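Novice: Structure below; questions to follow.
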Amino acid sequence: MPKLSYKLKLKNGDSLYGYRYLRLRALATDPSYVREQVAFNMVRSVGLISSEFSYVRVFMNDQELGLFGILDTFKNPWLANIFDQGNTTYENGYLYQAVYLTPNSAAQNVMSDLSYLSNHTLYELGQYNIEEEATHGDKVNWTALIDFTRFIANAPTVDSSETIHAWNQQLDVESFLRSAALEVLVGFSDGYIALADNYYLYQNPQRMNQFIYIPSDLDHTFGNTLFKISEMWSGNYSTYPGLYDRPLMNQILKVGKFKARYEHLLQDINTQLMKPDVIVARIDSIASMIKQDVVWDQSLVRVAVIEPGWLVSVQDRDVGTNRPIELDNATVNDLSDRTTQVIPFEIALNGPTGHISLAGVKEWIEAIYRNTTEFFKVHNMNLSLKSIK
0 MPKLSYKLKL KNGDSLYGYR YLRLRALATD PSYVREQVAF NMVRSVGLIS SEFSYVRVFM
60 NDQELGLFGI LDTFKNPWLA NIFDQGNTTY ENGYLYQAVY LTPNSAAQNV MSDLSYLSNH
120 TLYELGQYNI EEEATHGDKV NWTALIDFTR FIANAPTVDS SETIHAWNQQ LDVESFLRSA
180 ALEVLVGFSD GYIALADNYY LYQNPQRMNQ FIYIPSDLDH TFGNTLFKIS EMWSGNYSTY
240 PGLYDRPLMN QILKVGKFKA RYEHLLQDIN TQLMKPDVIV ARIDSIASMI KQDVVWDQSL
300 VRVAVIEPGW LVSVQDRDVG TNRPIELDNA TVNDLSDRTT QVIPFEIALN GPTGHISLAG
360 VKEWIEAIYR NTTEFFKVHN MNLSLKSIK
């Protein structure tokens, strides 16, 4: 039965490596235990910012709870630590969190996909959260997010230096494109592209209030999925669930230079990070480090009782009949059922697992690397032929 995740808030004056707010990640849907560690390593490798991840054995009131991931959260002093070397007088901007859906937002058919909503009260239905207010701003202020989504809806797409400048005034485009490329390659099935979830937007006052995109919560990666896996690891990014449905992604790829850069990043990251000869050794190293902890974790009696079908029940409760059409019902049902089962560690790492919602981590790596390489081999050849004509 799955573990529960926890949020920790340390007392004033206390901290762990400079942080007061921490999260304990149960890793309940990942029987390999390595997905978030590997994914966050890749986030750093491509020059992006996000949380730091490690492992910890957790005991509470003298009871063994198990092996957890431990993460810093995006609450202050995180912003000061990341953007101003821990300066205690740092004056931060607004930090918005994507929450995907709430019952209230689902009832109005809106979610955190960065669509512009002309009725501004619709931003307040819970699909977005103000994680940190600006130092000198109001506690509740949606203006910056509203203005950004309005820009996306009306953004220039003509391939020109003026277009590039206009976009970069609003958004650190390079960091977004890197994150979007990584989303596809690691199969981030509840990220922005696939599910309009699990990201933050930070209004950076040191960059004239330019937004920077920050990915978060990377457990549903490397074949731990809510969607048909064949569409996710096809190697053809245009088949990736939701890619052209998300306003930001759709608009940004209309700009020729941005699309070319995105395709270059997909190929470069695939070659540099996803190549099995490169990444499998790292996966094996992590697996070797935590192997005895996994044996211990799987031997424990859980404090929570969760029945098969729990995920479907939660979705029905929270979103009712507004369940997103992109989700594959059979895959979601399989994920919901398998999280109440024990999948052997080695099988979860290597695959196949026998579940349509779960590839082995190495199985994903081998498939996405091969398929992406083959897709761009043909794609680039076709582009060359067109240029000759």
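The opening residue of the sequence shown carries number 0 in numbering that gives the first Met the number 0; numbering runs sequentially from there. We treat Cβ as the ideally placed atom computed from N, Cα and C, and that holds for glycine. The structure displayed is predicted, hence computed values, not measured ones.
1. Using 8 Å as the Cβ pair cut-off and three pairs as the minimum, do the region 192-206 and the region 241-260 touch?
2. Within this structure, are the beta carbons of R56 and T220 separated by less than 7 Å?
3. Can you give me the Cβ contacts of A154 inside the same chain, cut-off strictly under 6 Å, excluding the 5 residues immediately before and after it?
4. Per DSSP, what kind of secondary structure is Q340 in: helix, strand or coil?
5. Indicate the three-state DSSP secondary structure (helix, strand or coil) for K2 in the structure shown.
6. Is the beta carbon of N223 sitting closer than 7 Å to the one on T28?
7. Rounded to whole angstroms, what's the CA-CA distance from D91 to K258? Just pull it up for me.
8. Buried or exposed, going by whether 16 or more other CB atoms sit within 10 Å of the CB of L299?
9. Could you give the residue range of the beta strand (DSSP E) that holds P214?
10. Anyone know if the C-beta pair for S233 and N379 falls short of 7 Å?
11. Mind checking who Y127 pairs with in its DSSP beta bridge?
12. Which of the three DSSP states is assigned to G68 in this structure?
13. Alpha carbon to alpha carbon, what distance is there between Q62 and V331?
14. Measuring only the C-alpha atoms, how far is S50 from I289?
15. Taking the alpha-carbon of I268 as reference, which of L184, E161 and I81 has the nearest alpha-carbon?
16. Judging by CA-CA distance, which residue of H119, L265 and Y212 is the nearest neighbour of S237?
17. Check whether the region 36-53 touches the region 97-116, taking contact to mean three or more Cβ pairs, one atom from each stretch, closer than 8 Å.
18. Taking R245 as part of the beta strand (DSSP E), name the residues at either end of that continuous run.
19. L66 to V360, Cα distance in whole Å?
20. From G136 to T88, what does the alpha carbon distance come to, in whole angstroms?
21. Between the Cα of F147 and those of Q168, L252 and E132, spot the shortest distance and give me the residue it belongs to.
22. Does the contact criterion of 3 or more C-beta pairs under 8 Å hold for the region 124-133 versus the region 68-80?
23. Between R149 and Y115, is the Cβ-Cβ spacing less than 7 Å?
24. What three-state label does DSSP hand M288 in the structure shown?
25. Going by C-alpha distance, which of L247, L181, T142 and G186 is nearest P111?
26. Going by DSSP in three states, F52 sits in which element: helix, strand or coil?
27. In the DSSP output, which residue or residues are listed as bridge partners for E161?
28. Is Y20 helix, strand or coil by DSSP?
29. Please classify A109: does DSSP put it in a helix, a strand, or coil?
30. Output needed for D83: all residues of its chain with C-beta closer than 8 Å, excluding positions within five of it in sequence on either side, in chain order.
31. Look up F58 in the DSSP assignment and give the residues it is bridged to.
32. How close, in whole Å, do the beta carbons of S188 and Y212 come, if the pair is a contact with beta carbons under 8 Å?
33. Just how far apart, CA to CA, sit E262 and A143?
34. How close, in whole Å, do the beta carbons of Q202 and L170 come, if the pair is a contact with beta carbons under 8 Å?
35. Candidates Y199, K227 and I163: which alpha carbon is nearest L252's?
36. Could you check if F429 is buried or exposed, using at least 16 other CB atoms within 10 Å of its CB as the buried criterion?
Specialist: So, to answer that:
1. By the Cβ criterion, the region 192-206 is in contact with the region 241-260, since at least three pairs of Cβ atoms, one from each stretch, lie closer than 8 Å.
2. no
3. Q250
4. coil
5. In the structure shown, K2 sits in coil (DSSP, three-state: anything other than H, G, I, E or B).
6. yes
7. In the sequence on display, residue 91 carries Asn and not Asp. When rounded, the distance between both Cα atoms is 31 Å.
8. In the assembly as shown, L299 is an exposed residue. Its beta-carbon has fewer than 16 other beta-carbons within 10 Å.
9. Q209 to P214
10. no
11. A97
12. strand
13. 32 Å
14. 20 Å
15. I268 has its Cα closest to that of L184, out of L184, E161 and I81.
16. In terms of CA proximity to S237, L265 leads the group H119, L265 and Y212.
17. no
18. No beta strand (DSSP E) holds R245; DSSP gives it neither H nor E.
19. Those two C-alpha atoms are separated by around 19 Å.
20. 15 Å
21. Q168
22. yes
23. For R149 and Y115, yes; Cβs fall inside 7 Å.
24. helix
25. Correcting the residue identity first, residue 111 is Ser in this sequence and not Pro. Answer by Cα proximity: L247.
26. strand
27. DSSP output for E161 lists no bridge partner at all.
28. strand
29. Note that residue 109 is Val in the sequence shown here, rather than Ala. Coil, per DSSP.
30. Closer than 8 Å at the Cβ level, and outside the excluded window around D83, lie Y89 and Q205.
31. E63
32. Actually they are not in contact, since the Cβ atoms of S188 and Y212 sit about 18 Å apart, beyond 8 Å.
33. Near 30 Å, if we compare the C-alpha coordinates of A143 and E262.
34. Going by Cβ atoms, the distance from Q202 to L170 rounds to 11 Å, so no, they are not a contact pair.
35. I163
36. Nothing can be reported for residue 429: it is not among the residues displayed for the chain, which extend from 0 to 388.
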